[in-house]
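**Student:**
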Amino acid sequence: ISSTWSATEKKDALDNCISSGNSLPYCECSVEILVSLLSYSEFKKFDKDIREGRRPSSTINSKMMRMSKRVLGECKK
């Protein structure tokens, strides 16, 4: 599993954000923060845990919480 995000993986994250009803500038900002805090493999593990009803590891959880705080503070809706 790759730890760095490929262009395709970043585009997928951006597309998912936009299809959830968010603006392009907001999603670009969010994805930049996401890729700076989590490796792609951490993100996939977090996503899989959530989808399967498991609690993500405390390490990944704390990174996701930090990401959420930064997105709220830095990205305009």
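Numbering-wise (the numbering used here), the sequence shown opens with residue 18 and increments by one.
Note that beta-carbon positions come from the ideal geometry of N, C-alpha and C, so glycine has one too.
Please return the same chain residues whose Cβ sits closer than 7 angstroms to the Cβ of Ser-20, not counting the five positions on each side in sequence.
**Tutor:** Excluding sequence neighbours, Ser-20 sits near Ser-56, Tyr-57 and Ser-58.
**Student:** My output table needs one value for Thr-25: the three-state DSSP class, helix, strand or coil.
**Tutor:** Helix at Thr-25.
**Student:** Please state if the CB of Cys-34 and the CB of Cys-92 are separated by a distance shorter than 8 angstroms.
**Tutor:** No, Cβ-Cβ distance for Cys-92 and Cys-34 is not below 8 angstroms.
**Student:** Measure from the alpha carbon of Met-84 to the alpha carbon of each residue in Ser-36, Leu-51 and Ser-23, then state which is nearest.
**Tutor:** Closest option to Met-84, Cα to Cα, is Leu-51.
**Student:** Quick one: what does DSSP say Arg-72 is sitting in, helix, strand or coil?
**Tutor:** It is coil, neither helix nor strand.
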